[in-house]
Amino acid sequence: MSTLETGKPPSDKEGAAGREKSADPLMVMSVEKAFRVLSAFGRQHQTMSLSQVASVAEMDLSSAQRFTHTLTKLGFLKKDRETKRFELSSKTLDLGYHFLRGNRLVDKAMPYLMHLSKETEETVNLTMPEDTEIIFVSRFLSRHVLNTDVIVGTRMPAFCTAPGIAMLSRLPEAEAVAIIDRSNLKAHTPSTTWRREDLLVKIRQSAQQGYATAFEEFYHGDASIAAAILDHRGRPEGAVNVAVSCSRYTHDEVVSRFSSLVIAAAHAISRV
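Numbering (our numbering), first residue to last: 50 to 321.
As structure tokens, then:
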């Protein structure tokens with residue numbers, strides 16, 4: 050429970066994690082703290098007072114004041130003159146923009162994603178793996194928009210998404226198991242496959258099929274089918290998926306209509 054929830058003043062401002070990181074002689078702790086402040090903002094904390102920043106970022110008030118002042122001067126935070134509350138500025142988008150513009154996978158996948166989007170007339174996504182999660186890095190929306198909450202930069206658990214299972218299935222099983230064991234396995238919907246043994250069966254099945262499916266496992270009404278994109282070493286570096294509404298397609302229809310298309314797109318991108 051956070052200090053905001055308990056109403057207690059912040060405890061050890063660095064925290065155990067901070068003390069552990071400080072043991073790394075190459076770690077610049079002031080940089081880590083600055084990113085901790087930026088990362089404190091989000092859907093649950095869109096704007097914050099100085100004391101809230103200190104609490105959520107787990108640092109003392111003096112440190113929070115210095116870091117918010119510096120980040121405001123650099124243009125990454127905005128401070129309301131009347132309320133004195135802070136929020137992220139549009140400049141924080143710069144890093145994401147430079148990532149997308151300079152990322153080789155996004156660049157080489159773009160024409161194939163566009164073609165798949167036109168061919169299927171459905172929503173097409175490109176995702177990348179990051180430990181236990183997947184990150185959406187490109188989206189082509191159809192007129193049948195499923196969930197407007199999903200945008201570029203959205204993260205989801207790998208274990209309950211078609212792209213995540215597709216990428217896990219192309220890893221050595223020991224690596225896939227390790228990722229599953231690090232994941233926060235829980236049911237996001239009544240249809241979520243979240244038990245370890247069931248997930249391993251699903252990963253092995255995906256490896257045999259060349260694709261993975263997920264029906265209402267993270268969002269109600271959402272159906273997805275995905276295939277992994279491999280790098281030159283044969284390791285998964287991303288996944289392409291088609292997302293549709295469960296009200297428009299059955300599981301068998303999704304597989305029969307889209308499995309060969311996502312596999313072909315993933316293979317084509319892998320060869321570039």
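We put the beta carbon where it would ideally sit given N, CA and C, even for glycine.
Asked	Found
Neighbourhood of Thr235 by C-beta distance below 7 Å, restricted to the same chain and skipping five residues each side	Contrary to the premise, residue 235 reads as Lys rather than Thr in this sequence. Cβ within range, chain order: Trp243.
Contact the region 288-300 vs the region 221-239: 3+ CB pairs below 8 Å	no
Short CB-CB distance (under 8 Å) between Ser104 and chain C	The displayed structure is made up of one protein chain only, and chain C is not part of it.
Which listed residue (Glu224, Leu165 and Arg92) has its alpha carbon closest to that of Thr181	Glu224
The region 251-259 contacting the region 279-291, beta-carbon criterion three pairs below 8 Å	no
Environment of Arg219 [buried if 16+ CB atoms lie within 10 Å]	buried
Under 8 Å between C-beta atoms of Ala315 and Ala276	yes
Residue from Gly151, Ser232, Val155 and Asp271 with nearest C-alpha to Ile278	Val155
Same chain, Cβ closer than 7 Å to Asp301, five either side skipped, listed in chain order	none
DSSP-derived helix/strand/coil call for Pro221	coil
In DSSP terms, what Thr176 is bridged to	Phe185 and Ala288
Cβ contact check for the region 98-108 and the region 124-136: 3 or more pairs under 8 Å	yes
Spatial neighbours of Val303 in its chain, beta-carbon cut-off 6 Å, leaving aside the 5 residues before and after	Ala272 and Ile274
Three-state secondary structure assigned by DSSP to Pro160	helix
Among Ile318, Lys140 and Arg192, nearest to Glu170 - alpha-carbon criterion	Arg192
Where the alpha helix (DSSP H) through Asp247 begins and ends	Arg245 to Gln258
Endpoints, the beta strand (DSSP E) within which Asp271 is located	Asp271 to Leu279
DSSP three-state assignment for Phe264, whether helix, strand or coil	strand
CB of Leu217 within 8 Å of CB of Ala227, strictly	no
Through-space distance from Arg115 to Leu175, alpha-carbon basis	39 Å
Cβ neighbours of Ala215 in the same chain (closer than 7 Å, five flanking residues each side left out)	Ser255, Tyr260, Ala261, Ala275, Ala276, Ala277 and Ala288
C-alpha gap between Met163 and Val201, whole angstroms	16 Å
Nearest candidate by alpha-carbon position, reference Leu142, set Asp73, Pro212, Arg204 and Leu87	Leu87
Buried or exposed by the 16-neighbour rule on C-beta atoms within 10 Å, applied to Glu107	buried
Same chain, Cβ closer than 8 Å to Cys209, neighbours up to 5 away in sequence not counted	His237, Thr241, Thr242, Trp243, Ala263, Glu266 and Phe267
When Ser308, Val321, Asn290 and Arg306 are compared against Thr172, the one with the closest alpha-carbon	Asn290
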